[in-house]
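Protein chains in written order, with the working numbering: chain A, 199 to 531; chain B, 117 to 561; chain C, 4 to 373.
All residues carry an ideal CB built from backbone N, CA and C; glycine is no exception.
Reading through the structure tokens given below for one structure.
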Amino acid sequence: MSRTSPGPEDWRPGRRQLLAAALGFLRGGGRRRRVLPPGGGDSGAELLVALLLLGSAACGAMFVVVYALDWPNLTQYLGLCLGGALGLLAAALIVVGKRIVPEEELEEEYPTVHPEDEEQVVCLLGETGARFTRKRLLGGAAAAAGAALGAALVVPAASLGPVLDTESYYYSPWRRGRRLVDEKGRPYRADDIEQEAFYTAYPEGADREQLAAPLVLVRLYPSELELPAGREGWAPGGILAYSKVCTHAGCAVALYRKPRFPQAEPAPALVCPCHYSTFDPAEGGKVIFGPAGRELPQLPLMVDAAGHLRAAGNFSGPVGPSFWGVRTRRPSA
Amino acid sequence: MIARAVRFLDERSGGAPALRRALRYAFPDHWSFLLGEVALYAFVVLVATGVYLTFFFEPSTATTVYHGSYAPLDGLQMSRAYASVVHLSFDVKAGLLIRQTHHWAADVFVAAIVLHLIRVFFTGAYRKPRELTYTIGVLMLFAALLEGYLGYSMVDDLLSGMGLAIGYAVALSIPFVGANLALLIWGHPYPGDPEFWSRMYIAHVLIFPLLIGGLLAAHLALVASRHHTQFRRKRVRSERRLLGVPAFPGQAPRSLGLMLAVAAVLVLLGGLVQINPIWLWGPYHVGDATNGAQPDWYLGWLIGALRLVPGFDLVIANRTVVPNPFWGGALFPLIVMAALLAWPWLEQRATGDRGFHNVLDRPRDAPVRTALGAGFLAWVVMIFMAGSADRVLVFLGIDYVSQLWFYRIGIWVLPPLIALVTWRFCRALRQLERIEEERERASAA
Amino acid sequence: MRRTLSLAPVPAASPLLWFAVLGAPAAWVVQLFLGYWLSEAQCSPTGGEWGISLDAWGIAAAAVCEAVAVASVLTALALFRRTRDAEDEGPPPGGRTHFLSVVGLTVAPLFVVLIAMTAVGTVALSCSQALPPAGIVNAPGGREQTQRQLGAGLYAANCASCHGFDGQGVPEPSGGGVGNITGQGPPLQGVGAIAPDFYLRTGRMPIGHAGEEPERQRPLFNDRQIRALVSYVASFGGGPAIPRPRPRGASLSEGLRLFTDHCAGCHQVVGEGGYVTGARVPVLSHATARQIAEAVRIGPFLMPRFSPKALDDRELNAIVAYVLASRDPVDEGGFGLGHVGPVPEGMVAWFVAAVVLVGVCMLLGRRLKA
């Protein structure tokens, strides 16, 4: 029993009571002081509890039976049985808590501070510290040891990734001459690409599960294009290839908005379904709506002698979400 | 029989005094004090179901071709992680029940924490001497958010892959260190090294549960050592005396009953209401996306913020300095966390009140706090709601861009208004009470 | 030092009091569900045949719900008045009944207004009301006229002001059409039978004005009129025929893959609809196999178009099979929540689980008394 906090004491046995209790125990019982007020015997509540417990038991048993069977909708039956068993048990306990258990309230003191113990601790620390005379030297040395050891312990975490070398963000599997293939690996021919459709293309023979791999291909009338300066010849026959990965948050730009009646409807656009960043394919992937802060990187295309589409270089800018210091520098293979 | 058992234990542990004190620990009685317990029990369910799930889940991105009993995925290429969860859902008896219970438990866990936080805030329960308890609670909330995000991201279905891409973009957008940090976590630009899956897995099943469990233990230990707060009642005479139901026999059956009720609700939901049907979303590939992709509700405020921020990167000299996702995905939650953590100390400084507070305020007793809290809550909730604007468009036909502008303006206009109204309301309530008291005194005299 | 108290029992809830507080919100919820069901019965392709009059039933349902809500306002008022007299004896702030009656008085009138607004909304915005400015004009002539005559008459009366008399289109807005409507619309020469069949059978045409998003409605023309119009438009020349998809036996997994690749970005992976900048993407749950195939081939409104070269007939069959299957997907986990992911799940977590558990807490713990 602590001095400052008396705690929830109901009865405080003196030495004599303890002795009496021990004697009583040795004698096999006898009269002990009650802790709880006398009472009980709410037979209605007890019956209810018994029924709930039996119901819970029945549900639990049902769960075992249902598990052994192989019904359709098994998950639902299992959930009902287990949930029922838990729920009925909960109900039984709630009835016990509200109807059978005595309703009592204790009054006690809130624990506060312990000035004597505090003083002891302060003295202990202070007196120990006083034994050190060259505090500054020792302090500096200890700090050096702590810092160096800390660094030694933390440095292996750098193996988790190439921390300093961020060059990999500029990598792209595309390079001049690489063919564009579809989902099944068949190369795209330039005349496969139709107005008003959109296509997903991947680099031939490269890993597709990397941000710079997937492309979205669309075809517009060459006369509609207003590509930025320096991208002449990037879109043979009006075929445009853009990275399929949004420059905002890295989701796939899987929407192509293509008006049926351009005179009265919104212009063609590539849209990301995560935050609805919208890019204009006719203007080199310029952002026209949404939170993206950088244009969609465009891949220059060419058509080879066999009529297949090939990359004519690398993307116009880094692929995927932006980072500190990202430049408009073009990625490399 | 009982006496012998107690004696046996006391002889070997000397624990009888502690046990007696524990049994007679007093719980002040109010329904809102049980909200934290709901969170605790949801966590218990999470651990129990989660352990079962680890027996079946395979944290691997190695590709495989599915040939299980769910025909619509037959022959598709997918990661082993995704395939193992589809297998768990269709071919493991009770597997889907446990998985869905786990997911519902996560949703309810965070909801209960938020309700508990709201209760603690508006009653001033965080005041001295309970600031540390509160701080640990707020940290647990954010740990729980990350833990939940990791949990549904590991599955590698279409939604989780898109969610991971967004998480990657947010990590990448942090000024100065983003690019390095993302490489540290992912090991390689997105979708990352195969090792990333091991990292996510161990973080989800060990590191974060341990972290939350440890914080939880500290939280409970601090609660027990400082005792619960209580509301002012006629019999609560001073700040120094506590009136409550003893742990045993008064509180124990109720508390256990609540635990079982939480488990029952979660299991019933797990059996009857479908959650995250990953077999319908299909496997994720970098080039795939679906419309209306949303995170679990507790990250909805972040997608709302990401959508509300106007489209710009901070660019200086042709170099991006702060990419766009930073504002909504990193800065915004950090502001919310910092505001929550700093509040007790800010309040102490503003009011100059450094006394012990064991008796709670009713919200009306502290009009300024209640008003600021209501405004802040409204701000976060509105941003949260903006995250579902696209679904609102599909269901109700309200134009997306108009909604966006409504929220962009509304989040700055409405919260101050709500704060003002709340403040007036609190003061009016208190005035009413004062009048009533005076009338009573007059009639008694 | 021991104190034993008996905790005061929670006063039994009077049903009248609960009606005062919750009656009006409940009435509104019922009205919402009824309204949803009615519009479903009215606007879905199968429901259209039931011949349910949305307006009459909607107004009737709204009237009943409104009456319930008003009754709850009156109940709250009565309780408020009764407890106001008793207030002086009771402890401040006047007891639970008084407080709840005040809550009822605040909440219930709000829902009375809400129900009225919902009623106006469901009737004014219902599918049967979303007519073009001029409605449809039935061509003169009886049943004895030939299909071509009927088609030409209907076309001239309902389509020509926007699409031109010979289907040459009206590129810029111009007046002088039938009924002096300012018309604008794409040419129909070369669209074949497939486009008019799709637009007319899904009720997307006629629309109010060019550029507006055509949305699925109950078709305004009957089957004979549609056939006449389709063959009339097809006679402008060229264009593909109506596709005949055979989804039976097609591979669902191939369908899922193709759908994810080509469609899910807009339509959501289970076909539950979505948003593309500037337009609402339709839910696919009402589309028939033929309509799905037609939409893929013609690309209505802002949708891209996929020719047989981009998606061959076998692939199209797989997509159609997948979309049809995704109307009623495998809900192994129980109630499907509309298959749109975390938004409804979060609502269940808050409005079902959290509400139930807070209820349990309230049952277990004593509530604050002044």
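Limits of the beta strand (DSSP E) - the one that residue i falls within
| i | result |
| --- | --- |
| residue 256(C) | Premise fails: residue 256(C) lies in the alpha helix (DSSP H), 255-265, not in any beta strand (DSSP E). |
| residue 441(A) | 437-441 |
| residue 478(A) | 476-478 |
| residue 177(C) | 173-177 |
| residue 454(A) | 453-455 |
| residue 278(C) | 277-279 |
Burial state of residue i, where buried means 16 or more other Cβ atoms lie within 10 Å
| i | result |
| --- | --- |
| residue 261(B) | buried |
| residue 562(B) | There is no way to answer for residue 562(B), as the model of chain B reaches only from 117 to 561. |
| residue 419(A) | exposed |
| residue 479(B) | buried |
| residue 193(B) | exposed |
| residue 551(B) | exposed |
| residue 328(B) | buried |
| residue 68(C) | buried |
| residue 303(A) | buried |
| residue 334(A) | exposed |
| residue 312(C) | exposed |
Beta carbon proximity, residue i to chain B, threshold 8 angstroms
| i | result |
| --- | --- |
| residue 332(C) | yes |
| residue 303(A) | yes |
| residue 270(C) | yes |
| residue 344(C) | yes |
| residue 449(A) | yes |
| residue 406(A) | yes |
| residue 302(C) | no |
Neighbour flag for residue i against chain C, beta carbons, 8 angstroms
| i | result |
| --- | --- |
| residue 445(A) | no |
| residue 467(A) | yes |
| residue 399(A) | no |
| residue 318(A) | no |
| residue 502(A) | no |
| residue 390(A) | yes |
| residue 377(B) | yes |
| residue 471(A) | yes |
CB contact below 8 angstroms: residue i versus chain A
| i | result |
| --- | --- |
| residue 120(C) | no |
| residue 319(C) | no |
| residue 181(B) | no |
| residue 398(B) | no |
| residue 267(C) | yes |
Segment limits, alpha helix (DSSP H) that includes residue i
| i | result |
| --- | --- |
| residue 153(B) | 151-170 |
| residue 569(B) | The displayed coordinates of chain B run from 117 to 561. Any statement about residue 569(B) would go beyond what the structure contains. |
| residue 463(B) | 448-467 |
| residue 365(C) | 358-367 |
| residue 543(B) | 516-560 |
| residue 509(A) | From DSSP, residue 509(A) is part of no alpha helix (DSSP H) but of the beta strand (DSSP E) over 507-509. |
| residue 286(B) | 274-289 |
Cβ shell of residue i (< 6 angstroms), same chain only, five flanking positions each side left out
| i | result |
| --- | --- |
| residue 270(A) | none |
| residue 262(C) | 322 and 325 |
| residue 449(A) | 470 and 472 |
| residue 210(A) | The pLDDT assigned to residue 210(A) is 47, lower than 50, so where the model puts this residue is not dependable; a value taken from the coordinates is nonetheless given after this. For residue 210(A), where only same-chain residues beyond five positions count, there are no Cβ hits under 6 angstroms. |
Residues near residue i by beta carbon distance below 8 angstroms, same chain, minus five either side
| i | result |
| --- | --- |
| residue 280(C) | none |
| residue 410(A) | 369, 370, 371, 372, 441, 443, 513, 517, 518 and 529 |
| residue 298(A) | 238, 240, 243, 244 and 247 |
Own chain, CB closer than 7 angstroms to residue i, minus 5 neighbours either side, in chain order
| i | result |
| --- | --- |
| residue 171(C) | 190 and 192 |
| residue 519(A) | 445, 446, 447 and 448 |
| residue 258(A) | 283 |
| residue 237(B) | 489 |
Check: residue i C-beta below 7 angstroms from any heavy atom of the ligand FMN
| i | result |
| --- | --- |
| residue 300(B) | Looking at this structure, you won't find the ligand FMN or any other ligand, since it has none at all. |
Problem set entry | Where the stretch 272-284 of chain C meets chain E: residues whose CB sits under 9 angstroms from a CB there | No chain E appears in the structure shown, which is made up of the protein chains A, B and C.
Problem set entry | Sequence ranges, alpha helix (DSSP H) only - wholly within the stretch 184-258 of chain B, length at least 4 | 196-207 and 211-238
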